[in-house]
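Undergrad: Numbering (our numbering), first residue to last: 9 to 652.
1. Whole angstroms is fine: what's the gap from residue 305's alpha carbon to residue 316's?
2. Could you check if residue 301 is buried or exposed, using at least 16 other CB atoms within 10 Å of its CB as the buried criterion?
3. Taking all protein chains shown into account, decide if residue 268 is buried (16 or more other Cβ within 10 angstroms of its Cβ) or exposed.
4. Relative to the C-alpha of residue 604, which candidate in 256, 560, 129 and 153 has its C-alpha closest?
5. Below 8 Å on the Cβ atoms is my guess for residue 404 versus residue 391; work out the distance and round it to an integer in Å.
6. Taking C-beta to C-beta, are residue 314 and residue 285 nearer than 7 Å?
7. How close, in whole Å, do the beta carbons of residue 146 and residue 127 come, if the pair is a contact with beta carbons under 8 Å?
8. Within the continuous beta strand (DSSP E) that includes residue 8, where are the two ends?
9. Assuming residue 233 and residue 280 make a contact with CB atoms under 8 Å, what is their CB distance in whole Å?
10. Considering just the uninterrupted stretch of the beta strand (DSSP E) at residue 211, what are its terminal residues?
11. For residue 353, count the other beta carbons within 10 Å of its own beta carbon; 16 or more makes it buried, fewer makes it exposed. Which is it?
12. Taking the beta strand (DSSP E) that residue 143 belongs to, which residues open and close that run?
13. Within 10 angstroms of the Cβ of residue 112, are there 16 or more other Cβ atoms? Answer buried if so, exposed if not.
14. If you pair each beta-carbon of the segment 165-181 with each one of the segment 470-490, do three or more pairs fall below 8 Å?
15. What residues in its chain sit with their C-beta under 6 Å from that of residue 57, if we drop five residues either side in the sequence?
16. Please determine, among 521, 499, 156 and 488, the residue with the shortest C-alpha to C-alpha distance to residue 472.
17. By how many angstroms is the C-alpha of residue 174 removed from the C-alpha of residue 40?
18. In three-state terms, what does DSSP make of residue 411?
19. For residue 396 versus residue 427, is the C-beta distance shorter than 7 Å?
20. Nearest CA to the CA of residue 134: which residue from 157, 333, 411 and 118?
21. Go ahead and pull the three-state DSSP assignment for residue 606.
22. Name the DSSP beta bridge partners of residue 628, please?
23. For a test of the three-state rule: what should DSSP assign to residue 163, helix, strand or coil?
24. What is the residue span of the alpha helix (DSSP H) that residue 100 lies within?
25. By alpha-carbon positions, which one of 115, 193 and 92 ends up nearest to residue 212?
26. How long is the line joining the alpha carbons of residue 453 and residue 160, rounded to whole angstroms?
27. Given this structure, state the Cα-to-Cα distance separating residue 650 from residue 629, to the nearest angstrom.
28. Please state if the CB of residue 249 and the CB of residue 325 are separated by a distance shorter than 7 Å.
29. In terms of alpha-carbon separation, which member of 382, 209, 519 and 477 lies closest to residue 451?
30. What does DSSP give as the partner residues of residue 464 in its beta bridges?
31. Buried or exposed: where does residue 209 fall if 16 or more other Cβ atoms within 10 Å of its Cβ makes it buried?
32. Would you list, in sequence order, the uninterrupted beta strand (DSSP E) runs of no fewer than 3 residues that lie entirely inside the segment 313-358?
33. If you run the structure through DSSP and keep just helix, strand and coil, what is residue 633?
34. Are the beta-carbon atoms of residue 318 and residue 187 separated by less than 7 Å?
35. Is it the case that the Cβ atoms of residue 457 and residue 87 are separated by a distance below 7 Å?
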């Protein structure tokens, strides 16, 4: 096993150029005025779950070093909706971003720093030089160590300036709901809403407006207990426990507590909250310690004590009678899990997905998903899934109590989106987050970034638009009364629930708002040999961790597959010799890299490691989709820094 480490030359950081700034009180921020501070640029886009993970990773170091460190979010949008300045402002508020954000819709600053992936982090020293670049998530400890070293170094040199930075907090907002995510009809006729922006659950009256009670203190955290003391962190999905299980389990509702990486149980009689799955720490793909007290033991298909396994941003949860379990849309690692809530030993297991991000159908164990975010059960026992990053509507068909097959009804993949109705194989969505089943068996999709409700009819294979001009609809409930059908829509960006009446025929409009592709400049490569390097350097005070096998891995594939004549597949070296097919003009290289490192253990006077010190281990990981164009004078090398 070997790695390729990039030694960055001493290069001045490029100026920050974009459309405008948020969280600065309207001021423009320049790098020259930040001289004397350690600066971290966080290239992100608000649809990206990995970017949201990085926001959480950076919170602690940001608070610890506010006098010496300035984090700048550079928002470089993937979807068309994300380029809307109002949508960005809402996202900055929704995710409690507490640093300046540069709006970079034309990817000017993205290009100046040669970013190729969301998220990408760039560290700039107090003299204005780039000292590190890293892609993906899992770099929180590395950033903390590097920032501490830079602060100490430049304090000695006299080039560190302490004091407040350019961040100006926004005015506090008020209202019953703040960025509500999902809603659930309760047996008593009330509505339970996952009030993500308030880190709590709001029980509303049948009118969808009157607050009956709040479950959760409103403070971000992972705390069980009575309603006023319990804490959530951006809860999303909600599911009723089947009536015959409620008494034995002791709770009535399961909550996907997304940023806590946990499932919570809520007893409706008194509002008491329990943690029923997850440890509160994030599952890292390829990690050695995803099962508490066990190293390297997690295997797909195996069942584990639900409170011993790390989860990763569960976004929705739905009971499946066919599987006899709750199905969990695990957005953070692009999988579906099941949760069997038995009263004595509740267990979780991986139901479907390889943890690779993409759109691949077939048996669950080989299927690819991309931020699965919404679930609904059909009358025949199948489950409908809103697969957000592929802008897809997908169907899960249980084969038995442990397996499903996966089919795509609408969606083209990671790079194609839009608002187009008509035949399902040509229809397009844009980052849908919710789904529900109508009385006739057709499916309504909360097409979030299109601000629309869309209907897919399996009988005709057609997609239509039921409603539009909504504010980021993230969930939808179907209400039937007196033969009339209403949809209760969670308008997340409008902080409200809205009822939409449907005609008796359930028909909708046929619209064509156009098709779009993710706009990123292609990299020109030559045909024939192409050297791929993924530099990785452990953080200060860490070393590569190979105690339980290779500490690094690299997986390469292409779309179309014919783009690569050789070099596809998996290996442990962070470099690969590829051969590009001269007969293929363009395509996408898919690269997944992981590297595990551990804190170094101090030595005793006798030179032996201190047996009382247990090193923490850290996993860095990233998936790249690199558009390439094959040209005669193209590059013969491609460098994708994981951490350089």
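Just so you know, even glycine gets a beta-carbon here, dropped at the ideal spot from N, CA and C.
TA: On the basis of the supplied data:
1. With a pLDDT of 45 at residue 305, under the threshold of 50, the predicted position of this residue should be treated as unreliable, and no value is reported.
2. Here residue 301 scores only 46 on pLDDT, less than 50, and its place in the model is too uncertain to base an answer on.
3. A buried status is given to residue 268, since no fewer than 16 other beta-carbon atoms sit within 10 Å of its beta-carbon.
4. Ranking 256, 560, 129 and 153 by Cα distance to residue 604 puts 560 first.
5. That pair is a contact at about 4 Å.
6. Note that the C-beta distance between residue 314 and residue 285 is below 7 Å.
7. Not quite, the Cβ-Cβ distance comes to about 11 Å (not below 8 Å), so this is no contact.
8. Summary: the structure shown does not reach residue 8, with the chain confined to residues 9 through 652, and so no result is reported for it.
9. Residue 233 to residue 280, Cβ: 7 Å. Contact.
10. In the DSSP assignment, residue 211 falls within the unbroken beta strand (DSSP E) covering 208-212.
11. Exposed, by the Cβ-count rule.
12. It spans 137-143 - the beta strand (DSSP E) in which residue 143 sits, taken as one unbroken run.
13. Classification for residue 112: buried.
14. Touching, no.
15. Closer than 6 Å at Cβ, skipping near neighbours: 321, 339, 340 and 379.
16. The residue with the shortest Cα to Cα distance from residue 472 is 521.
17. Using only the alpha carbons, I get a separation of about 12 Å.
18. Here residue 411 sits in coil by DSSP.
19. Not a contact, by the Cβ cut-off of 7 Å.
20. Scanning 157, 333, 411 and 118 for the CA closest to the CA of residue 134 turns up 157.
21. Strand, per DSSP.
22. The partner list for residue 628 (beta bridge, DSSP) reads 603.
23. Residue state, collapsed to three classes: helix.
24. Counted as a single uninterrupted DSSP element, the alpha helix (DSSP H) harbouring residue 100 occupies residues 93-102.
25. That would be 193, whose Cα lies nearest to the Cα of residue 212.
26. Residue 453 and residue 160 have their C-alpha atoms roughly 53 Å apart.
27. Answer to the nearest angstrom: the Cα atoms are 7 Å apart.
28. No, the Cβ-Cβ distance between residue 325 and residue 249 is not below 7 Å.
29. Per the C-alpha coordinates, the member of 382, 209, 519 and 477 positioned closest to residue 451 is 382.
30. BP columns for residue 464 point to 451 and 471.
31. By the Cβ-count criterion, residue 209 is buried, with 16 or more other Cβ atoms from all chains shown falling within 10 Å of its own Cβ.
32. Uninterrupted beta strand (DSSP E) stretches at least 3 residues long and entirely within the segment 313-358 occur at 322-328, 333-338 and 343-348, given in chain order.
33. Looking at residue 633 - three-state DSSP - the assignment turns out to be strand.
34. No; because the gap between Cβ atoms is not below 7 Å, this pair is not in contact.
35. Residue 457 is a Cβ neighbour of residue 87, given a cutoff of 7 Å.
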